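**Q** To start, I am sharing the structure in question, which I have written as structure tokens.
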Amino acid sequence: MKSLRYINKYFKKYKWRFLLGILFTVISNYFGVQMPAFFSESIDRFQSNLSLQTKTDYLYLALELGGIYMGFSLLKGFFLFLMRQTIIVMSRFIEYDLKNEIYNKYQVLDQSFYKKNATGDLMNRISEDVGLVRMYAGPGIMYTINLVVSFILIVTKMVSISPSLTFYVLIPLPIMSILIYKVSSTMNKMSLEVQKEQSFLSTLAQESFSGIRIIKAYQREQQVADKVSESAERYKKQSMRLVLVNAFFSPTIIFLIGLSSMIAIYYGGLLTFEKKMTVGGIVAFIMYVTNLTWPFASLGWISSIIQRAAASQQRINEFLQTKPKIKDDQTLTPLLEQGIVFEHVGFQYENAEQPVLHDISFSVKPGETLAIVGQTGSGKSTICSLVARHFDPSSGCINIGEQDLRLLSLSQYRNEIALVPQDVFLFSDTIANNLKFGSENAEQLKLEELRAVCKSAHVLHNIEEFEHGFDTILGERGVNLSGGQKQRISIARALLRNPKLLVLDDCLSAVDTETEEIILQELQNFSKNRATIIVSHRISTIRNATKIIVLVAGRITEAGSHTELLSQKGAYFDMYQLQLQQELEAKNTLS
Ligand SMILES: Nc1ncnc2c1ncn2[C@@H]1O[C@H](COP(=O)(O)OP(=O)(O)O)[C@@H](O)[C@H]1O
Ligand SMILES: [Mg+2]
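Start counting at 1 in the sequence shown, then tack on 1193, and there's your number in my numbering.
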């Protein structure tokens, strides 16, 4: 319950709407209470009015009373409408604000947060959990106010007619609340299970669609189908149980209302007999009891809603209270003209047992290219992440010129660099928008500029072959590019940013050696005034670099230019020999 206090700030923000909502609830209930009272008076008038003699007299009276009754209904309905328009609309506003707050928080949090939390969880926080909190802020609050107001108004009226009858008639109502609370919480538990099974089922289905090629190639159709039908069977069983419990809901309520009405008729009848009450009074009582039913029924429902909302808000709060380790709270401008320097950098991932980098030192200045070679898992991508400041080093430091990177403005720094990651990501959007994505001045970019960078990344001819050129839509509903084409587009995207420091993390792996040669040539022209860090496991990619470092299990074992390293006849030399041989073999088999 405490966790829900967090959204009180939103109730404050929308306090006028909220207060108006309460006012409308009171007014609507006021008219609601007048109706049974008026109805009972009408009955008594029909019974006892001696001046009614002809049919027309009755007709006029009926029209008069009916008209007034309808007037009350309309007024009650109108204010009920306003009540929903204020409180439910307020809850939608709160939902909107809360979603934005969570999303903005997501944007601030760093990579280590995303490594720790599954995408599904992040999605659930912002959709399902916020949805449950909204149920509390809207319907939950609205029905609570409605319950309190209607209870006070109705019970006052009832007591004014007959205190003792009021007492007897109200006895079944708390029982109903408790029963409904029990039924609701059982249903909530069951529907959670149903939801879980449902999401398992849809993940299963989704995976079997995206993996259909593998499934067919390995002839695993039957196994997958069995798995799906098992899950569907469980889903069906759980749903049926839910339906069963659900089916008890209305009969229970109707039974208890019936009980109250019976008490009203029996005991009220006795009172009428003793001339302590009129027939109209009994009718009014039955109507009041019916009117009290829904608020009381909602009591059980409200408490289970509040419980679920509190649990959801608790999870949301945990996210909102997470502090990003890498903050953009410095103002000093990074002077990338002075180059980037790694000084004895060591790094260990948060959840890992061992450090992945040890004592890494190097420097790159504008105009220079630093190449990193090493086997898979040697820590190349980790170095790139450190350069992009997705993480901070565990030991040692990274400097821009003389300044520690941690003391410089993060946003300004990120603005000056471009990282082409190993696993390319393109949005389901046009090629042009994907290219412009990383650029501040995206709107002013001309087609000529897009063409120029695509030419450098050697992907322009591919784009021009598409019917819609730069307006070709990529992704699931658009064109599927080959791995190499995607890599080249993401290189072009980085070049378009015109960065002072360009980091290419093994991003030519899916490109053939000849194309690679062309791109590297182009990049050399591009790299004249900027620092470049290029990662590869292929020596052909990097041999023209100013400096090469060889990484083995997170340590630099050799460093120097291509010729220097060859003359050392160490690991680099062996790697070179091996790759030359493989290339030769490949050529021989082709020819
Ligand atoms: N987020 C992470 N958490 C824990 N360990 C990681 C993480 N990312 C990478 N590693 C580990 O760090 C080592 C270096 O990985 P990486 O830098 O990706 O190597 P490379 O790019 O050279 O293939 C590997 O052993 C890998 O398993
Ligand atoms: Mg890598």
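We put the CB at the ideal spot given by N, CA and C, even for glycine. All of these numbers come straight from a predicted model, not from anything done at the bench.
Identify the continuous beta strand (DSSP E) that holds residue 1611 and give its terminal residues.
**A** Looking at the DSSP string, the run of the beta strand (DSSP E) that includes residue 1611 is 1610–1613.
**Q** Do you know how far the Cα of residue 1652 is from the Cα of residue 1385?
**A** Residue 1385 and residue 1652: Cα-Cα distance of roughly 49 Å.
**Q** Under the criterion of a Cβ to heavy atom distance below 6 Å, does residue 1308 qualify as lining ligand 2?
**A** Flag unset: Cβ of residue 1308 not near ligand 2.
**Q** Beta-carbon separation of residue 1828 and residue 1378 under 7 Å?
**A** Nothing about residue 1828 can be reported from this structure: the residues present for the chain run from 1194 to 1784 only.
**Q** I'd like the list of long-range same chain contacts for residue 1619, defined as Cβ closer than 8 Å, with 5 residues on each side in sequence excluded.
**A** Once the five neighbours on either side are set aside, the close Cβ partners of residue 1619 are 1627, 1667, 1668, 1674, 1679, 1682, 1683.
**Q** Counting pairs of Cβ atoms below 8 Å between the segment 1583–1590 and the segment 1746–1762, do you hit three or more?
**A** No: fewer than three Cβ pairs fall under 8 Å.
**Q** Are the CB atoms of residue 1539 and residue 1557 within a distance shorter than 7 Å?
**A** No; because the gap between Cβ atoms is not below 7 Å, this pair is not in contact.
**Q** Taking the continuous beta strand (DSSP E) assigned at residue 1697, which residues delimit it?
**A** Element bounds for residue 1697: 1694–1698.
**Q** How many angstroms separate the CA atom of residue 1238 from the CA atom of residue 1482?
**A** Cα to Cα, the separation comes out at about 22 Å.
**Q** Thinking C-beta only, is residue 1450 closer than 7 Å to residue 1396?
**A** The answer is no: Cβ separation not under 7 Å.
**Q** Please determine whether the Cβ atom of residue 1545 lies at a distance below 6 Å from any heavy atom of ligand 1.
**A** Yes - ligand 1 has a heavy atom lying nearer than 6 Å to the Cβ of residue 1545.
**Q** Are there 16 or more other CB atoms within 10 angstroms of the CB of residue 1592, so buried, or fewer, so exposed?
**A** The residue is buried, with at least 16 neighbouring Cβ atoms inside 10 Å.
**Q** Of all the beta strand (DSSP E) runs that stay within the bounds of the segment 1638–1700, which reach a length of 3 or more residues?
**A** Qualifying beta strand (DSSP E) stretches, in chain order: 1694–1698.
**Q** Quick check: does the Cβ of residue 1574 come within less than 6 Å of any heavy atom belonging to ligand 2?
**A** Residue 1574 Cβ: within cutoff of ligand 2.
**Q** Going by the DSSP bridge assignment, what does residue 1567 pair with across the sheet?
**A** Looking at the DSSP assignment, residue 1567 forms a beta bridge with 1744.
**Q** Got a sec, what are the start and stop residues for the beta strand (DSSP E) residue 1192 sits in?
**A** There is simply no residue 1192 to check, as the chain begins at 1194 and stops at 1784 in what is shown.
**Q** May I ask you to report which of helix, strand or coil DSSP gives residue 1414?
**A** Looking at residue 1414 - three-state DSSP - the assignment turns out to be helix.
**Q** Indicate whether the contact test is met: 3 or more Cβ pairs, each with one atom in the segment 1698–1709 and one in the segment 1727–1737, closer than 8 Å.
**A** Enough Cβ pairs lie closer than 8 Å, so yes.
**Q** Sort out for me which residues DSSP pairs residue 1562 with in a bridge.
**A** BP columns for residue 1562 point to 1725.
**Q** Short of 8 Å in beta carbon distance, which residues of its chain neighbour residue 1677, apart from the five on each side in sequence? Order them along the chain.
**A** Same-chain partners within the cutoff: 1703, 1704, 1705, 1708.
**Q** At 4 residues or longer, what runs of the alpha helix (DSSP H) sit wholly inside the segment 1284–1341?
**A** Counting only runs of 4 or more, we get 1304–1309, 1312–1317, 1323–1328.
**Q** Do you know offhand how far residue 1753's Cα is from residue 1740's?
**A** Each residue's Cα considered, the two are about 5 Å apart.
**Q** Using only CA atoms, which one of 1469, 1609, 1376, 1771 lies nearest to residue 1688?
**A** Nearest option by C-alpha distance: 1609.
**Q** Spatial neighbours of residue 1555 within its chain, please: CB distance less than 8 Å, with the 5 preceding and 5 following residues excluded, ordered by chain position.
**A** Result list for residue 1555: 1534, 1535, 1563, 1740, 1742, 1749, 1752, in chain order.
**Q** What is the rounded straight-line gap between the Cα of residue 1294 and the Cα of residue 1512?
**A** About 11 Å.
**Q** Please return the same chain residues whose Cβ sits closer than 6 Å to the Cβ of residue 1335, not counting the five positions on each side in sequence.
**A** Taken in chain order, the residues that qualify are 1280.
**Q** Helix, strand or coil: which one does DSSP assign to residue 1764?
**A** The answer is helix: DSSP assigns residue 1764 an H, G or I state.
**Q** Return the bridge partner residues of residue 1550 from the DSSP annotation.
**A** Beta-bridge pairing links residue 1550 to 1540.
**Q** Which term fits residue 1301, buried or exposed, when burial requires 16 or more other beta carbons within 10 angstroms of its beta carbon?
**A** With fewer than 16 Cβ atoms within 10 Å of its Cβ, residue 1301 is classed as exposed.
**Q** For residue 1520, which of 1600, 1391, 1439 has the nearest alpha-carbon?
**A** Cα-wise, what sits closest to residue 1520 is 1600.
**Q** Taking a contact to mean a Cβ-Cβ separation below 7 Å, would you say residue 1327 touches residue 1284 in this structure?
**A** Closer than 7 Å, so yes.
**Q** Leaving aside the five residues before and after residue 1648 along the sequence, list all residues of the same chain whose C-beta is less than 8 Å from its C-beta, in chain order.
**A** If we look at residue 1648 and ignore the five residues flanking it on each side, its Cβ neighbours are 1715.
**Q** State the DSSP-derived secondary structure class of residue 1246, mapped to helix, strand or coil.
**A** If DSSP states are grouped into helix, strand and coil, residue 1246 belongs with coil.
**Q** List the endpoints of the continuous alpha helix (DSSP H) containing residue 1592.
**A** Premise fails: residue 1592 lies in the beta strand (DSSP E), 1588–1593, not in any alpha helix (DSSP H).
**Q** Assuming residue 1644 contacts residue 1693 (C-beta within less than 8 Å), just tell me the rounded distance between them.
**A** Not a contact, Cβ separation roughly 23 Å.
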